[in-house]
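A quick write-up on the structure given underneath.
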Amino acid sequence: IGRNILDRGKVSLDRGSSDSLDRGRNILDRGKVSLDRGRVSLDRGKVSLDRGRVSLDRGKVWTNIKIAVRGIVRTEEEIVRKEVVIVWTEV
1 IGRNILDRGK VSLDRGSSDS LDRGRNILDR GKVSLDRGRV SLDRGKVSLD RGRVSLDRGK
61 VWTNIKIAVR GIVRTEEEIV RKEVVIVWTE V
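64 is the number that full-length UniProt numbering gives to position 64 of the sequence shown; each next residue is one higher, with no gaps.
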């Protein structure tokens with residue numbers, strides 16, 4: 001009887017240790033996946049911000065561009081001809 005009780009106790013310890021460890025490992029893996037997804041979200045947000053910044057920079061450069069057509073300097077809105085010379089200054 002005592003041996004059976006000890007054997008049963010050993011079996012429950014074995015089950016508990018392997019099951020608990022596997023479950024704990026799964027929880028940790030899921031947590032890692034969540035962190036990775038969060039990192040991806042942050043990276044995407046950073047890329048979006050960078051793209052927005054690039055767009056703003058391009059817009060800033062574009063505002064300083066003057067287009068010359070046959071010696072006449074006009075703003076980009078006024079240009080309707082295909083042959084244009086674009087002259088820009090660094091910002």
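In this text, a Cβ means the ideal position worked out from N, Cα and C, and glycines have one as well.
Rounded C-alpha distance that separates residue i from residue j
| i | j | result |
| --- | --- | --- |
| R30 | R23 | 10 Å |
| K46 | G52 | 10 Å |
| S48 | L28 | 30 Å |
| G2 | R25 | 34 Å |
| L6 | S34 | 41 Å |
| V40 | K32 | 12 Å |
| D19 | R8 | 16 Å |
| V54 | L21 | 49 Å |
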